[in-house]
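Novice: Read left to right, the sequence shown gives residues 138 to 408 (my numbering). All C-beta atoms in this analysis are idealised placements derived from N, C-alpha and C, irrespective of residue type, glycine included. Just so we're clear, the structure is a prediction, and the values are computed from it rather than from any experiment.
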Amino acid sequence: MKKYVRFFIQLLSLGAAFLYWQDNSIVTTRMQASFPNLPRNFHGYRILQISDLQNKSFGYQQKRLLKKIKKIDADLICITGDLLDANRTNVEDAMSLIQGIVPLAPVYYVSGNHEFRSGMYEELLLQLQMAGVHILENDTAKLELQGDTIRLMGLADIRANKNYSFVLQKLKKKCGNHFTILLSHRPELFSLYVKQNIDLIFTGHAHGGQIRLPFIGGLFAPNQGFLPKYTSGIHSEGRTNMVVSRGLGNSRFPFRIGNRPELVEVVLNRE
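1. What is the rounded straight-line gap between the Cα of leucine 350 and the Cα of leucine 356?
2. Could you tell me which residues DSSP puts in a beta bridge with asparagine 314?
3. I'd like to know whether the C-beta atoms of valine 380 and glutamine 169 end up nearer to each other than 8 Å.
4. In angstroms, rounded to a whole number, what distance separates the CA positions of isoleucine 335 and isoleucine 287?
5. Thinking C-beta only, is glycine 384 closer than 8 Å to glycine 346?
6. For the stretch 209–284, list the alpha helix (DSSP H) runs that are entirely contained and at least 4 residues long, ordered along the chain.
7. For phenylalanine 195, is the classification buried or exposed, using 16 other Cβ atoms within 10 angstroms of its Cβ as the cut-off for buried?
8. To the nearest angstrom, how far is the alpha carbon of lysine 208 from that of threonine 165?
9. How far does the beta strand (DSSP E) with serine 373 in it reach, from first residue to last?
10. For a quick check, are the C-beta atoms of glycine 256 and valine 404 less than 8 Å apart?
11. Could you tell me which whole beta strand (DSSP E) segments of length 3 or greater appear in the stretch 349–407?
12. Based on the DSSP output, what are the partners of phenylalanine 172 in its beta bridges?
13. Restricting to runs no shorter than 3 residues, where is the beta strand (DSSP E) found entirely within the stretch 160–204?
14. Is DSSP giving arginine 288 helix, strand or coil here?
15. Apply the 10 Å Cβ neighbour rule to serine 248 and answer buried if 16 or more other Cβ atoms are within range, or exposed otherwise.
16. Rank Pro398, Lys366, Asn396, Ile216 by C-alpha distance to the C-alpha of leucine 326 and give the top, closest one.
17. By Cβ distance, which residues of its chain are closer than 6 Å to serine 188, with the 5 residues on each side in sequence left out?
18. According to the Cβ coordinates, are leucine 241 and alanine 268 closer than 8 Å?
19. In angstroms with no decimal places, state the Cα-to-Cα distance between glycine 447 and glutamine 333.
20. Tell me where the beta strand (DSSP E) around leucine 337 begins and ends.
21. DSSP puts leucine 320 in a beta bridge; with which residues?
22. Check glutamine 306 in the structure and name its three-state DSSP category.
23. Skipping 5 residues on each side, what residues in its chain have a beta carbon closer than 7 Å to that of phenylalanine 179?
24. Could you tell me the alpha carbon to alpha carbon distance between leucine 292 and tyrosine 301, rounded to whole angstroms?
25. Cα-Cα, which of Pro359, Pro391, Arg201, Val401 is closest to leucine 156?
26. Answer yes or no: the CB of valine 404 versus the heavy atoms of the ligand NAD, is any distance below 7 Å?
27. Kindly indicate which three-state DSSP category glutamine 147 falls into: helix, strand or coil?
28. Tell me whether the beta-carbon of aspartate 222 lies closer than 8 Å to the beta-carbon of serine 388.
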């Protein structure tokens, strides 16, 4: 009997260690994205995407996460929402990350669904602005490099923002014929992005499908349900390319399987 008890305890310990590793061992996914209309001086431009931290801590003052980020040497850092979690509303862990990345490269931010639900949306925006983060809530910005220009757009995720199609149309009109990059929390809006002929979109929200299985992919994602289509990688249609980050943290579902926390590095190339 003691043998079985000992074996069961060892099995539980191994399972706990595996889940801890799956939840805390960060991977960097590197992608190449090629475009015929990319301005020449942006060839080789390196973008780091951070998504869905959900107020998770990766060591004291985000030390382990920042160590990974510093190795990337990004030209631009994009945050695509859910820095906070609706059930973990203390902004300290999120701001520890922000204070570590602002000196590295320009940082642009759009909200996710959890910022609004946390009740800390306005406080978070204030702290982000004070730290030097560029807020792109239903707004646009110019990126200029040696005389060339690309345009950034940001789609806010607050509940009041129901008519995504109308907002996207207005943002795209402001950007004219420039190469456009959109920051948005939601990959399930891909058809709207395609309709507006946006060149490159960075999204999150799906948490990689939470549990990922070989040959199947993610099992469940918010607003997509079971066996979701958009949980990871690059998805392309026409001239539009959408990157989906698996994110860093968890929310209601407390762990990941086959789906380690992810930073996304995208290098832009001119075809």
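Specialist: Here's the rundown:
1. 8 Å
2. In the DSSP output, where bridge partners are listed per residue, asparagine 314 has none listed.
3. no
4. 12 Å
5. no
6. 229–238, 250–255, 258–268
7. buried
8. 10 Å
9. 370–374
10. no
11. 370–374, 377–381, 399–407
12. Arg407
13. 164–172, 183–187
14. strand
15. buried
16. Lys366
17. Thr217, Gly341, Ser382, Gly384
18. no
19. Only positions 138 to 408 of the chain appear in the structure, and residue 447 is not among them; the question remains open.
20. 337–340
21. Gly291, Phe339
22. helix
23. Leu282, Asp285, Ile287, Leu405
24. 8 Å
25. Pro391
26. No copy of the ligand NAD appears in this structure; indeed no ligand is present at all.
27. helix
28. yes
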